[in-house]
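Under full-length UniProt numbering, the residue at position 168 of the sequence shown is numbered 168, and the numbers go up by one with no gaps.
Report on one structure; see the data block that follows.
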Amino acid sequence: MAAKSNYAAVFVIGLSLLIAVAAEDPYRNFEWHVTYGDIYPMGVKQQGILINNQFPGPEIRSVTNDNLIINVFNELDEPFLISWAGIQNRKNSFQDGVYGTTCPIPPGKNYTYALQVKDQIGSFYYFPSLGFHKAAGGFGAIRILSRPLIPVPFPPPADDFTVLIGDWYKTNHKALRAQLDNGGKLPLPDGILINGQSSGATLNIQPGKTYRLRISNVGLHGSLNFRIQNHSMKLVEVEGTHTIQNVLSSLDVHVGQSYSVLITAHKPAKYYYIVVSSRFTSKVLTTTGVLHYSNSAGPVSGPIPAVPNPLMSWSFSQARAIRTNLTASGPRPNPQGSYHYGMINVTRTIQLVNSAGHIKGKQRYAMNSASFYPADTPLKLADYFKIDGVYKPGSIPDQQPSVPIFPVTSVLHADHKAFVEIVFENGEDIVQSWHFDGYSFFVVGMEVGKWSPDSRNVYNLNDAVSRCTVQVYPRSWTAIYVALDNVGMWNLRSELWERQYLGQQFYIRVYTKSASLRDEYLIPKNALLCGKAIGHHK
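So, in structure tokens, the structure goes:
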């Protein structure tokens, strides 16, 4: 244990030069041990991935601008990586925790991540990014609080609860992975979990008080609806953005997304159902937990609240109503609406069309016909060490070509500080969900049908919500604006994990000729090297 402590101390001392942060920004240190262990999320014994013997893993609680030092020991039998959905890792894609940027932690070894939640607030989560490990656990919540002097647009709640919801398979993650590797598809999940439980998850509250729920869909497959019997919810935050405080009877949370809502304990004291149901699926899966008033007794009773319908129009309407609270501060003491994204000229339009097909007789998925295959070397290391033959910038086109899907280590080249319009087009009968590592973006439009330049006439150029994960409805499109102000190699992926694993992802290389630390940090001194990067000098 002393050797681990000495290593961590030396690393922290040297870190200030590496990430160039202000001395007053505090450090929060974590030591995580990743192991297999028995779990029973659906009443049957499974092999789960635990962090410090916990499933779900320990929650990260931090404050804007904190430096997070997370020493991860891989005690599994295969390489492992953790990624940080929503933490933007400013100028530091080396720490992103996906294989395009970071070498896996070998079995029996450790790696210390150094992250700063620079100018961020809000609700996020972490997850394992390799080998379909997410189907076994290894995920947990991230909570970034505002600094004490920065006003929050609602009174302090009596308590703050994390609610991790997600679909789940009883099958071992290695068997699921083998099924995909052999060219197959996955069936519908077996059920839904709330904080790692298929039933019995309980939130304890006091009458008359208001509580914040941070809800994240950490599942693998699809959209979920969250609701509480006889209680309304007030939406207050989406992935780091304070929102217009709409009152909701239920909330659609698409896979990969995070929301904060307030609930008030103003009903007669008793037990109430917490309900989570699958959406846009051929079979509706439902699980329940319990909202427990402290002075109540007896079992939960009454009808489980039904899912809202009509499905498509209801969900669409709710999504369009999620907008930024322009009068609220974000991580800084200035109104969030002071950044007028609608007045900036777009320098590039990228249309991304998802598709499915076969390559060498095996099921694959693609964007603009490019089905991603990992290289033998993380792309960011190949970039940094100028290693040829690992990937080719521009290997995924800006628009859908008239060709079948093809295998490629797809990388889209983009210029630093470009202001880009990205349009996701979904021609299938499922809901897609997309996440862009390292960035938040403005969701300016979503409509049924095919996108055209005339579609810009319906864009919201005033108070569109800024977030990092967005859904695309069946036979529909979603458009986002993003300022490419974060140099590095950044993963843009489907949050439907089967599709991500089988090729529906790529990397955006945000590039500048500058070698200044103002634009991008140096490679970490403790960076793991693998593939063709082995032997290069850090």
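Each residue gets a CB set at the ideal place from its N, CA and C atoms; glycine is no exception.
- Item | Whole-angstrom C-beta distance between Ser371 and Ile359, which should lie under 8 Å | 6 Å
- Which same chain residues, not among the five before or five after Phe226, have their C-beta less than 7 Å away from its C-beta? Ile165, Ile215, Ser250, Leu251, Val253 and Val276
- Query: Taking Cβ positions, are Asn110 and Ile69 nearer each other than 7 Å?
  - Reply: no
- Would you tell me roughly how many angstroms separate the C-alpha atoms of Leu285 and Gly389, rounded to the nearest one? 46 Å
- To which residues of the same chain is Thr327 closer than 7 Å at the C-beta, ignoring the five residues directly before and after it? Pro335
- Consult DSSP for Leu311 and reduce its assignment to one of helix, strand or coil. helix
- Consult DSSP for Ile523 and reduce its assignment to one of helix, strand or coil. coil
- Message: Considering only their Cβ atoms, is the gap separating Leu262 from Thr202 smaller than 7 Å?
- Response: no
- Message: Along the chain, where does the beta strand (DSSP E) containing Gln257 start, and where does it finish?
- Response: Element bounds for Gln257: n/a, residue is neither H nor E.
- Do you know offhand how far Tyr40's Cα is from Gln229's? 26 Å
- Query: In whole angstroms, what separates the C-alpha of Gln257 from that of Val290?
  - Reply: 22 Å
- What three-state label does DSSP hand Leu381 in the structure shown? helix
- What are the complete beta strand (DSSP E) segments, minimum 3 residues, inside the region 469 to 537? 469 to 472, 476 to 483, 488 to 494 and 505 to 511
- Distance between beta carbons of Asp77 and Pro107, contact taken as under 8 Å: 6 Å
- Query: Can you tell me whether Lys118 is buried or exposed, with buried defined as 16 or more other CB within 10 angstroms of its CB?
  - Reply: buried
- Query: Gln47 and Asn172 look like a contact to me (Cβ under 8 Å); what is the Cβ gap, rounded to whole Å?
  - Reply: 6 Å
- What are the boundary residues of the alpha helix (DSSP H) that Gln179 is part of? His173 to Asp181
- Give the DSSP bridge partners of Lys118, in chain order. None; Lys118 has no bridge partner.
- Query: By Cβ distance, which residues of its chain are closer than 6 Å to Ser494, with the 5 residues on each side in sequence left out?
  - Reply: Gln500 and Gln504
- Message: Three or more C-beta pairs under 8 Å: does that hold for the region 511 to 525 against the region 446 to 459?
- Response: no
- Three-way DSSP call (helix, strand, coil) for residue 539 in this model: The structure shown does not extend to residue 539, since the chain is modelled only from 1 to 538, so the question has no answer here.
- Message: Please identify the residue among Ser93, Leu180, Asn204 and Gly449 whose C-alpha is closest to the C-alpha of Asp159.
- Response: Asn204
- Message: With the cut-off set at 7 Å, would you say Ile105 and Phe132 are in Cβ contact?
- Response: no
- Query: Leaving out five residues before and five after Cys530 in sequence, what residues of the same chain have Cβ atoms less than 6 Å from its Cβ?
  - Reply: Cys103
- Message: Once the 5 residues before and after Pro308 are set aside, which same chain residues still bring their CB inside 6 Å of it?
- Response: Ser250 and Trp314
- Task: Report back the beta-carbon spacing between Met367 and Leu379 to the nearest angstrom; my notes put them in contact at under 8 Å.
- Result: The pair is not a contact, with the Cβ atoms about 16 Å apart (cut-off 8 Å).
- Item | Same chain only: Cβ atoms within 6 Å of Phe73, ignoring 5 sequence neighbours per side | His33 and Asn110
- Task: Compute the Euclidean distance between the alpha carbons of Arg364 and Thr264, then round it to the nearest angstrom.
- Result: 46 Å
- Query: Curious, which full-length alpha helix (DSSP H) runs of at least 4 residues does the UniProt domain "Plastocyanin-like" (160 to 296) contain?
  - Reply: 173 to 181
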